[in-house]
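J.:
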């Protein structure tokens, strides 16, 4: 973490106001100061704020803010505020993994170089311990939310892979991504290996009556080979999302101006771009759709990279990486299930993800590639 007490997208736009990370503290006075600081409210004041919940965040709370002003203005009538989870267990998990600082830093250092497909942020702030944070983002409504449990159709999947290419291409094989001090790949990998192995027993106990008989074996064998899995990840590397699934995507945002908007950059990492692609396809498509069309979707991704100037990997190499990285979703699903407070939707989500990703690995014989 930086030695500075606060990290902001722009130079202290809150004008000295303290960091807030609770809905009740997003007052008209505080928002007026922030909007003035970033140049979005040259005159007038926010007079009232009304909020409503947005999305299904696991380690953060997200609200849509409806703003009223005392004069006609071009300032935004709505904003989306993303802040520290109100749930104690989720908040501790988010802080331990460094996800709050990561998302703020992403919007500082990476998002300006990606542009397309990233939900824009107006303000970002995190405390010096990485335990409390706030993002104020453009409201991309009207938009269609991705639905992880239901899955998506092929048209949406193709659009998502175009977005993946847009995110990966600017940093593909570039050495400057190794110079981002807040992305500590070795630390992240160690946390993932330790966290996954610690999650195996409690997750299997929690979902023992929901999983097919072959799934626990896949989970346990992956845990045994996880060190080798991370040690042998092939280059070139790029910036990866690491939780690239439907719940973190919006479609046709801003009345279609953004075909796909990618949200929730709390797990951003450096690694092979195909890892995001394999995770998305394994998580987001119904079983038979995935089996029938996964090769075509990989070619779509390669073509999109090529159109953006990336001399991509040969088809055979992409396919081998895809087989290997089918494990990504199972790793994330177990970590998520073990760290957040159980809810009815959360249990359905994690059961669906664990089942889909385990079957993905079985279909592609992923474990045979781990040595």
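Numbering (our numbering), first residue to last: 10 to 380.
Think of the CB as a built atom: it goes at the ideal place given N, C-alpha and C, for glycine as much as any other residue.
#1: Please report the distance separating the alpha-carbon of residue 247 from that of residue 319.
#2: According to DSSP, what are the bridge partners of residue 260?
#3: Would you kindly work out how many angstroms separate the C-alpha atoms of residue 51 and residue 125, rounded to a whole number?
#4: Count the other CB atoms, across all protein chains shown, that sit within 10 Å of the CB of residue 377; report buried if there are 16 or more and exposed otherwise.
#5: How about residue 67 and residue 228: are their beta carbons less than 8 Å apart?
#6: What did DSSP end up calling residue 280 once you bin it into helix, strand or coil?
#7: Who pairs with residue 61 in a beta bridge, going by DSSP?
#8: Give me whichever residues DSSP pairs with residue 147 in a beta bridge.
#9: Which ranges would you report for the alpha helix (DSSP H) in the region 277–332 if only whole runs of at least 4 residues count?
#10: Is the beta carbon of residue 274 closer than 8 Å to that of residue 250?
#11: According to DSSP, which residues form a beta bridge with residue 55?
#12: Can you check which of these residues, 37, 78, 62 and 79, is closest to residue 71 by C-alpha distance?
#13: Measure the C-alpha to C-alpha separation of residue 280 and residue 44 and round it to an integer number of angstroms.
#14: Can you tell me whether residue 159 is helix, strand or coil according to DSSP?
#15: Please name the residue, chosen from 30, 118 and 195, that lies closest to residue 127 on a Cα-to-Cα basis.
#16: If contacts are defined as beta-carbon pairs under 8 Å, then residue 54 and residue 79 qualify, I think. What distance do you get, rounded to the angstrom?
#17: State yes or no: is the C-beta of residue 131 within less than 8 Å of the C-beta of residue 145?
#18: Going by CA-CA distance only, name the one from 165, 201, 32 and 296 that's closest to residue 58.
#19: How many Å lie between residue 272 and residue 255 at the Cα?
#20: Leaving out five residues on either side along the sequence, give the residues of the same chain with a beta carbon under 8 Å from the beta carbon of residue 244.
#21: When we look at the beta-carbon of residue 103 and count the other beta-carbons within 10 Å, is it buried (16 or more) or exposed?
#22: Tell me the DSSP bridge mates of residue 247?
#23: Would residue 153 and residue 252 qualify as a contact pair, given that the criterion is a beta-carbon distance under 8 Å?
#24: Grab the span of the beta strand (DSSP E) containing residue 134 for me, first residue to last.
#25: Give me the Cα-Cα distance between residue 364 and residue 49, rounded to the nearest whole angstrom.
#26: Helix, strand or coil for residue 142, going by three-state DSSP, please let me know.
#27: Alpha carbon to alpha carbon, how far is residue 38 from residue 353?
#28: Determine the closest residue to residue 242 out of 185, 372, 258 and 327, with distance taken between C-alpha atoms.
#29: By Cβ distance, which residues of its chain are closer than 8 Å to residue 304, with the 5 residues on each side in sequence left out?
#30: What does a CB cutoff of less than 6 Å around residue 82 pick up in its chain, not counting 5 residues either side in sequence?
#31: With 16 other CB atoms within 10 Å as the buried threshold, where does residue 278 fall?
#32: Are residue 286 and residue 307 closer than 8 Å when you measure CB to CB?
#33: How about residue 169 and residue 289: do their beta carbons lie closer than 8 Å?
#34: Assign residue 177 to buried or exposed, taking buried as 16 or more other Cβ atoms, counted over all protein chains shown, within 10 Å of its Cβ.
#35: Are there 16 or more other CB atoms within 10 angstroms of the CB of residue 141, so buried, or fewer, so exposed?
#36: In angstroms with no decimal places, state the Cα-to-Cα distance between residue 340 and residue 56.
T.: According to the data block:
#1: Indexing the chain shown from 1 puts residue 247 at position 238. Indexing the chain shown from 1 puts residue 319 at position 310. Their Cα atoms are separated by approximately 11 Å.
#2: Residue numbering aside, residue 260 sits at position 251 when the chain shown is read from its first letter. Looking at the DSSP assignment, residue 260 forms a beta bridge with 153 and 269.
#3: By one-based count along the chain shown, residue 51 stands at place 42. By one-based count along the chain shown, residue 125 stands at place 116. Roughly 27 Å separates the two Cα atoms.
#4: Residue 377 sits at position 368 when you count from the first residue of the chain shown. Residue 377 should be labelled exposed.
#5: Position 58 of the chain shown, counting from 1, holds the residue named residue 67. Position 219 of the chain shown, counting from 1, holds the residue named residue 228. No, they are not a contact pair.
#6: Within the chain shown, the letter at position 271 stands for residue 280. Looking at residue 280 - three-state DSSP - the assignment turns out to be strand.
#7: As a first step, residue 61 must be located in the chain shown, where it is residue number 52. Partner(s): 73.
#8: Here residue 147 refers to the residue found at position 138 when the chain shown is read from its first residue. In the DSSP output, where bridge partners are listed per residue, residue 147 has 88.
#9: 282–293 and 296–316
#10: Within the chain shown, numbered from 1, the residue matching residue 250 stands at position 241. Within the chain shown, numbered from 1, the residue matching residue 274 stands at position 265. Yes, the pair counts as a contact, with Cβ atoms nearer than the cut-off.
#11: Within the chain shown, residue 55 is the residue found at index 46, counting from 1. BP columns for residue 55 point to 78.
#12: For the purposes of this step, residue 71 is taken as residue 62 along the chain shown, with counting starting at 1. Of 37, 78, 62 and 79, the residue nearest in Cα terms is 62.
#13: The sequence position of residue 280 within the chain shown is 271, counting from 1. The sequence position of residue 44 within the chain shown is 35, counting from 1. Near 36 Å, if we compare the C-alpha coordinates of residue 44 and residue 280.
#14: On the chain shown, position 150 is the one that residue 159 refers to. Three-state result, residue 159: coil.
#15: To locate residue 127, count along the chain shown from 1; it is residue 118. Here the closest residue by C-alpha is 118.
#16: Stepping through the chain shown from its first residue, residue 54 is reached at position 45. Stepping through the chain shown from its first residue, residue 79 is reached at position 70. Confirmed, Cβ separation roughly 5 Å.
#17: Start at 1 with the first residue of the chain shown, and residue 131 comes out as number 122. Start at 1 with the first residue of the chain shown, and residue 145 comes out as number 136. Yes; because the gap between Cβ atoms is below 8 Å, this pair is in contact.
#18: Reading the chain shown from its first residue, position 49 is the one you call residue 58. It is 32 whose Cα lies nearest to the Cα of residue 58.
#19: Stepping through the chain shown from its first residue, residue 272 is reached at position 263. Stepping through the chain shown from its first residue, residue 255 is reached at position 246. Rounded to whole angstroms, residue 272 to residue 255 spans 10 Å at the Cα level.
#20: Stepping through the chain shown from its first residue, residue 244 is reached at position 235. So the qualifying residues of the chain are 182 and 281.
#21: The residue you call residue 103 lines up with position 94 of the chain shown. By the 10 Å Cβ count, residue 103 comes out buried.
#22: Residue mapping note: residue 247 aligns to position 238 of the chain shown, counting from 1. 280.
#23: Taking the chain shown and counting its residues from 1, one reaches residue 153 at position 144. Taking the chain shown and counting its residues from 1, one reaches residue 252 at position 243. Contact flag unset, no.
#24: Stepping through the chain shown from its first residue, residue 134 is reached at position 125. Start and end: 130–136.
#25: Translated into positions along the chain shown, residue 364 becomes position 355. Translated into positions along the chain shown, residue 49 becomes position 40. Their Cα atoms are separated by approximately 46 Å.
#26: Taking the first residue of the chain shown as position 1, residue 142 is located at position 133. Here residue 142 sits in strand by DSSP.
#27: Locating residue 38 in the chain shown gives position 29, where the first residue counts as 1. Locating residue 353 in the chain shown gives position 344, where the first residue counts as 1. Answer to the nearest angstrom: the Cα atoms are 37 Å apart.
#28: By one-based count along the chain shown, residue 242 stands at place 233. Among 185, 372, 258 and 327, the Cα nearest to that of residue 242 belongs to 327.
#29: Position 295 of the chain shown, counted from the first residue, corresponds to residue 304. The residues are 328.
#30: Start at 1 with the first residue of the chain shown, and residue 82 comes out as number 73. Within the same chain, residue 82 has close Cβ partners 53.
#31: Residue mapping note: residue 278 aligns to position 269 of the chain shown, counting from 1. Label assigned to residue 278: buried.
#32: In the chain shown, counting from the first residue as 1, residue 286 sits at position 277. In the chain shown, counting from the first residue as 1, residue 307 sits at position 298. Yes, these two residues count as a Cβ contact at 8 Å.
#33: One-based indexing of the chain shown puts residue 169 at position 160. One-based indexing of the chain shown puts residue 289 at position 280. Yes, the pair counts as a contact, with Cβ atoms nearer than the cut-off.
#34: Residue numbering aside, residue 177 sits at position 168 when the chain shown is read from its first letter. Buried is the call here.
#35: In the chain shown, the residue the question calls residue 141 occupies position 132. Answer is buried; the Cβ neighbour count reaches 16.
#36: Your numbering for residue 340 matches position 331 in the chain shown. Your numbering for residue 56 matches position 47 in the chain shown. So the alpha carbons of these two residues sit roughly 46 Å apart.
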